[in-house]
Amino acid sequence: MAVALIPLVYLAVRTAEAGADRIAAELWTERVGLLALRSLGLASVVTVACVLLGVGTAFLVTRTDLPARRLFAVLAALPLAVPTYIAAFAWVSTAPRLEGFWPAALVLTLCSYPYVLLPVAAALRGADPAQEEVSRSLGRSGWRTFTAVTLRQVRPATAAGALLVALYVLSDFGAVSILRAETFTRAIFVSFDLGFDRTGALVLSSVLVALTVLLLGGETTTRRRGARYARLSGARRPASRLSLGPARWPAMAALVVVAVLALGVPAASLGRRLAAGTSRPGALPEVLTAAGNSLTVSLAGAALTMLLALPLGLLAARAPGPLTTALDRLAYLGHALPGVVIGLSLIFFGINVAYPLYQTRWLLALAYATLFLPLAVGAVASAAAQSPARLEEVARSLGRGPWTVLRTVTLPLILPGIGAGAALVFLTGMKELPATLLLRPTGTDTLATELWTSTAVGAYAAAAPYAVLLVVISALPTWLLVARSGLLDKEKRA
Amino acid sequence: MSEVVVSGVIKRYGRVTALAGVDLRVPSGRLTAVLGPSGCGKTTLLRCLAGFERLDAGEIRIDGALVAGGGRHLPTHRRNIAVVPQEGALFPHLSVADNVGYGLDRATRRSDRIAEVLALVGLAGLGTRMPHQLSGGQQQRVAVARALAPRPSVVLLDEPFSALDAGLRAGLRHDVRDALRADGATGVLVTHDQGEALSVADQVVVLRDGRVIQAAAPATVYREPANPWVAEFVGDAVLLPADVEQGVARTALGLVPVTGAVPDGPVTVLVRPEQVRLTAGPGGVTATVLRHDFHGHDALVGLGLTDGTRITARVLDGDATVALGGEVTVRVDGAARAFPADPSVGRPVPTPVRLAG
Chain C
0 MAVALIPLVY
10 LAVRTAEAGA
20 DRIAAELWTE
30 RVGLLALRSL
40 GLASVVTVAC
50 VLLGVGTAFL
60 VTRTDLPARR
70 LFAVLAALPL
80 AVPTYIAAFA
90 WVSTAPRLEG
100 FWPAALVLTL
110 CSYPYVLLPV
120 AAALRGADPA
130 QEEVSRSLGR
140 SGWRTFTAVT
150 LRQVRPATAA
160 GALLVALYVL
170 SDFGAVSILR
180 AETFTRAIFV
190 SFDLGFDRTG
200 ALVLSSVLVA
210 LTVLLLGGET
220 TTRRRGARYA
230 RLSGARRPAS
240 RLSLGPARWP
250 AMAALVVVAV
260 LALGVPAASL
270 GRRLAAGTSR
280 PGALPEVLTA
290 AGNSLTVSLA
300 GAALTMLLAL
310 PLGLLAARAP
320 GPLTTALDRL
330 AYLGHALPGV
340 VIGLSLIFFG
350 INVAYPLYQT
360 RWLLALAYAT
370 LFLPLAVGAV
380 ASAAAQSPAR
390 LEEVARSLGR
400 GPWTVLRTVT
410 LPLILPGIGA
420 GAALVFLTGM
430 KELPATLLLR
440 PTGTDTLATE
450 LWTSTAVGAY
460 AAAAPYAVLL
470 VVISALPTWL
480 LVARSGLLDK
490 EKRA
Chain H
0 MSEVVVSGVI
10 KRYGRVTALA
20 GVDLRVPSGR
30 LTAVLGPSGC
40 GKTTLLRCLA
50 GFERLDAGEI
60 RIDGALVAGG
70 GRHLPTHRRN
80 IAVVPQEGAL
90 FPHLSVADNV
100 GYGLDRATRR
110 SDRIAEVLAL
120 VGLAGLGTRM
130 PHQLSGGQQQ
140 RVAVARALAP
150 RPSVVLLDEP
160 FSALDAGLRA
170 GLRHDVRDAL
180 RADGATGVLV
190 THDQGEALSV
200 ADQVVVLRDG
210 RVIQAAAPAT
220 VYREPANPWV
230 AEFVGDAVLL
240 PADVEQGVAR
250 TALGLVPVTG
260 AVPDGPVTVL
270 VRPEQVRLTA
280 GPGGVTATVL
290 RHDFHGHDAL
300 VGLGLTDGTR
310 ITARVLDGDA
320 TVALGGEVTV
330 RVDGAARAFP
340 ADPSVGRPVP
350 TPVRLAG
């Protein structure tokens, strides 16, 4: 866990070193206030929009007789496969004038509403229809039952999704930068990149981390409340579907519009630019080199991350208690810690403490390990649940010693899950932008940084091949997520 | 052939005492059922026998060898025991044959021991299946075969049938008993189901609040329970206040002889519902029929006596003689068991009797 804390501790130490006067001078400026307002404003707008869009879509695809529900479910989940900076790139390359707060809000909403959709859809499917039936039988109308029972059943899922969105927006760097919406992450990067203004960047980073912690505190409260929504055990029955009647055509139209905006625009834009981008002389070798770099850096990151995650995950799964709860919370922190902040902290750490690592791929791998450790620990812990303690007890009772049990029972059962976790970390590392941008050794370009560089100078055609490759790479973990949410399960006959 | 002796075992979890000094002898080659309500400590006892838990005091010997107690804790895998857990817990990545062969050494695995125990539990020829291809009952049979295969000193069964539905359960528990018997295995079956304990075990150990209340043959536990609580726990019971005079109890149901030597004075007597006979005519104690629960093979009739006492009778010959609200004459067949008087039982019901509709 120490590895995960290095950057944060370092951030705190260096910030404190600057001295109170300096910090105050940096902090209490109109600019910081504006940045905070704008970041929080963006997070609020996007979160509210995502909740409306996510809950609405989840209800339409799970609880109504909407035609082609499964198709719409997949279409609604797919935006997860589009990294926000690629969506932003697609919009900018379609309409170059598009920039500022509201376009950023639009793009971020279209990219992140699946974070609300997926948990809410899963909760709607899992919710006990008996509660709704009881409400109806007690004389509540369909609409009042929906607001009084159904929405409350999915409230924990909605809150969890909304939190993810808010954290995601706060830490997003690529989209807001490309769309020139002045937020914290962008300001941190710019003050570091242009002016090499360390103290300014550090202070801004600390404020961003503080905002994140504030949000996480809110999450803890919703969690506690969530405990009250336990479902009674019993045979599960699918809920009856609401008949939309003629309303199903506007509902379908709305979903189509969202899908076109979220998927159609990027697809059209990338498709249009791709031909030009690949026919450019020298494009192929550049793309291949970048892909190779992405591959090796992400592999190193994934290996390091899994190495650290294995003992932690096994411990968390075997010894439930405060530690497990803390680790669980950290899974959120993974979405919360902005890559810009991690990257920045590790640069200072590299320069001042571990200089041999500075400007090597290992520092970048360390950044990935910090960013994705919670993701990996979660994967290992849930894999370890595949081998319940009961099985190991039986094996021991049959005369097998601890090591034999580990080799013949535990490992065979948990390896597939651990492999999936490693793949997830690997793929997530491939599309990581801000930390990579800050930490890559000079001259080493990855898919994400090439895309960034090309976009920055308006070379949209040159950026297209990288964008397409990245979308393909992101599609795989998205598919895993969607499949796990149960959104695609065949409906059982009642 | 192996005998298990448990003496003075105490096990605490924090401030909760799960086992408060358990003494127990499990005879070799027999099936002993540990029976008790949930929370009585029966699963803890099993986990102590298996070596999953360390004792706080007392000792456990298997075949005379000390496996736990006195600072010694032989790890599970050296105790030569085998566990059949509640939900089977088959290794999902191994075939049925590999599951059964898990506890065997290489040489034995190649012999026909696997086929032998699979046949014993009625699953001959299913060795190549994977666990998820089996029904719940079949999975439990595999779990039993897996436990039997290495010929352990003791097979520990932890409510192995409770997850199955009633019809399957009855058949399976007798097959398992027969398989254990055919293999000469010593078994300890933990259960909260008194029917299960009485029907399959050679010895029933009744556990309550971490103590052994009674350990005896099933028929003894049923007919001569150690106290009124055991009497009610192992079956339907009519407990009546009575006065004993020279071996005969004066009860609300008339004079009933008591078993054993009981000193004169107030007692509580146990009458089993099947001892209560109903006749149509007068002559004896009259009672009103309040309730009639038809079970197919027999029926339980709830009766109210004139003094307000409520009793239950088991009748075999259907519903011919009784009509709700009708009057019948009752008498007690055979002898009753007497306990020291307990003021809490058999008190007349204060509320007015309401006829069931």
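Respectively, the protein sequence lines represent chains C and H. Going by numbering that gives the first Met the number 0, the first residue of the first sequence is number 0, and it counts up by one from there. Going by numbering that gives the first Met the number 0, the first residue of the second sequence is number 0, and it counts up by one from there. Using N, Cα and C, we set each Cβ at its ideal position, and we do this for glycine too.
Counting only beta-carbon atoms, is C/Arg-389 nearer than 9 Å to chain H?
yes
Which residues in chain C have a C-beta closer than 8 Å to the C-beta of H/Arg-72? List them in chain order.
Reading the sequence as shown, one finds His at residue 72 of chain H and not Arg. Within 8 Å Cβ-Cβ: nothing; H/His-72 doesn't reach chain C, min ~13 Å.
Any beta carbon of chain H sitting closer than 9 Å to that of C/Leu-405?
no
Rounding to the nearest angstrom, what Cα-Cα distance links C/Thr-288 and H/Ala-88 in this structure?
50 Å
Please classify H/Ser-37 as buried or exposed, where buried requires at least 16 neighbouring CB atoms within 10 angstroms.
exposed
Here's a check: name, in chain order, each residue in its chain whose Cβ is nearer than 8 Å to the Cβ of C/Leu-26, leaving out the five neighbours to either side.
Val-202, Val-206
Look at C/Thr-448 and C/Tyr-367 and say whether their C-beta atoms are less than 9 Å apart.
no
Those residues which DSSP pairs with H/Leu-206 across a bridge:
H/Leu-206 is bridged by DSSP to H/Val-211.
Quick check: is the beta carbon of C/Ala-394 nearer than 9 Å to any beta carbon in chain H?
Yes, because at least one Cβ of chain H sits closer than 9 Å to the Cβ of C/Ala-394.
How would you list, in chain order, the residues of chain C whose beta-carbon sits under 7 Å from the beta-carbon of H/Asn-226?
Result: empty, since nearest Cβ-Cβ is about 34 Å, beyond 7 Å.
Quick one: list the residues of chain H neighbouring C/Val-379, beta-carbon separation under 7 Å, in chain order.
Those within 7 Å of C/Val-379 in chain H number zero; the least Cβ separation is about 18 Å.
Using a Cβ cut-off of 9 Å (strictly closer), state whether H/Tyr-221 contacts chain C.
With 9 Å as the cut-off, H/Tyr-221 does not count as an interface residue toward chain C.
Tell me which residues of the region 112 to 129 of chain C have at least one Cβ-Cβ distance to chain H shorter than 7 Å, keeping chain order.
none
Starting from the beta carbon of H/Val-82, find every residue of chain C whose beta carbon is closer than 7 Å, and list them in chain order.
Glu-392, Val-393, Ser-396
Per the contact definition of three or more C-beta pairs closer than 8 Å, is the region 75 to 86 of chain C in contact with the region 3 to 23 of chain C?
no
According to the neighbour-count rule (16 or more other Cβ atoms, all chains shown, within 10 Å of its Cβ), is H/Gln-245 buried or exposed?
exposed
Chain C contact for H/Leu-354 (CB, 9 Å cutoff):
Its pLDDT being 41, under 50, H/Leu-354 is placed unreliably by the model, and the measurement read from it follows with that caveat. No, its Cβ sits nowhere closer than 9 Å to a Cβ of chain C.
Could you tell me whether the region 89 to 105 of chain C touches the region 177 to 186 of chain C, where touching means 3 or more Cβ pairs closer than 8 Å?
yes
Could you tell me which chain H residues have their CB closer than 8 Å to the CB of C/Arg-399, listed as they occur along the chain?
Neighbours of C/Arg-399 on chain H, chain order: His-76, Tyr-101, Gly-102.
Alpha carbon to alpha carbon, what distance is there between H/Leu-23 and H/Ala-335?
28 Å
What did DSSP end up calling H/Gly-7 once you bin it into helix, strand or coil?
strand
Of all Cβ atoms in chain C, is any one closer than 9 Å to the Cβ of H/Arg-145?
yes
H/Ser-94 versus H/Leu-73, H/Pro-74, H/Leu-117, residue with shortest Cα-Cα distance
The shortest Cα separation from H/Ser-94 among H/Leu-73, H/Pro-74, H/Leu-117 belongs to H/Leu-117.
Drop a sphere of 10 angstroms on the beta-carbon of C/Asp-192, count the other beta-carbons inside from all chains shown, and report buried for 16 or more, exposed for fewer.
Exposed is the call here.
Three-state secondary structure (DSSP) of H/Phe-51:
Looking at H/Phe-51 - three-state DSSP - the assignment turns out to be coil, as it is neither helix nor strand.
Report the rounded CA-to-CA distance for H/Gly-356 versus H/His-294, giving the unit in angstroms.
Bear in mind that a pLDDT of 37 at H/Gly-356, under 50, signals an unreliable position, so the model cannot answer this.
Flag this pair as touching only if the region 151 to 169 of chain H and the region 119 to 128 of chain H have three or more C-beta atom pairs under 8 Å; answer yes or no.
No, the region 151 to 169 of chain H is not in contact with the region 119 to 128 of chain H.
Is C/Val-494 close to chain H? Criterion is C-beta to C-beta, closer than 9 Å.
Residue 494 of chain C lies beyond the stretch modelled for chain C, which goes from 0 to 493, so this question has no answer here.
6 Å CB neighbourhood of C/Ala-17 in its chain, flanking five on each side removed
Thr-198
Start and end of the beta strand (DSSP E) containing H/His-291?
284 to 293
Put H/Thr-357 into one of helix, strand or coil per three-state DSSP.
This structure cannot speak to residue 357 of chain H, because chain H is shown only from 0 to 356.
Considering only C-alpha positions, which residue in the set H/Asp-235, H/Val-243, H/Val-82 is nearest to H/Gly-194?
H/Asp-235
Listed by chain order, chain C residues near H/His-131 by CB distance under 8 Å
Those do not exist, as H/His-131 stays about 13 Å from chain C at its closest Cβ, beyond 8 Å.
Assuming H/Lys-41 and H/Leu-171 are in contact, meaning their beta carbons sit under 8 Å apart, how far apart are those beta carbons, in whole angstroms?
Not quite, the Cβ-Cβ distance comes to about 20 Å (not below 8 Å), so this is no contact.
H/Phe-51 CB to nearest chain C CB: under 9 Å?
Yes, H/Phe-51 counts as interfacial toward chain C.
Using a Cβ cut-off of 8 Å, pull out every chain H residue sitting near C/Leu-410, in sequence order please.
Those do not exist, as C/Leu-410 stays about 10 Å from chain H at its closest Cβ, beyond 8 Å.
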